[in-house]
Amino acid sequence: MNTENIYLALQLMVVGMATVFLILYIIIGLGKLLVNYTNANAKEAPPVSPPRPAQAPEADATTQAVIQLAIKELTGGKGHVTQIKKLP
7 MNTENIYLAL QLMVVGMATV FLILYIIIGL GKLLVNYTNA NAKEAPPVSP
57 PRPAQAPEAD ATTQAVIQLA IKELTGGKGH VTQIKKLP
């Protein structure tokens with residue numbers, strides 16, 4: 007192996023690495039420009055108020071009694087109703 011080939015290989019490596027670095031630098035610059043352009047021209051979303059939790063209507067007395075009797079019948083008197091809520 008002679009030194010000319012080594013110098014040529016090193017020169018080719020430096021030129022290749024410089025080219026890759028330059029292309030990546032251009033891509034990063036274009037990305038930053040795109041982000042700045044998008045942020046400058048973006049429409050602001052109207053403020054959204056947080057939704058209030060909807061209160062479920064309570065079951066009337068006859069519905070509660072029917073549910074309690076059904077649970078008592080199904081569980082043989084071992085089950086107890088603690089809360090009744092209507093699902094959305």
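Read in order, the letters of the sequence shown correspond to residues 7 to 94 in my numbering. Idealized CB from N, CA, C, for every residue including glycine. These numbers come from a predicted model, not from an experiment.
I77 sits close to G85, with the two beta carbons spaced by under 8 Å. For A71, the closest of G35, V87, A48, V54 by C-alpha to C-alpha distance is V87.
Exclusion of the five residues before and after G37 leaves no residue of its chain whose Cβ lies closer than 6 Å to its Cβ. Looking from the CA of K92, the closest CA among D66, T81, E79 belongs to D66.
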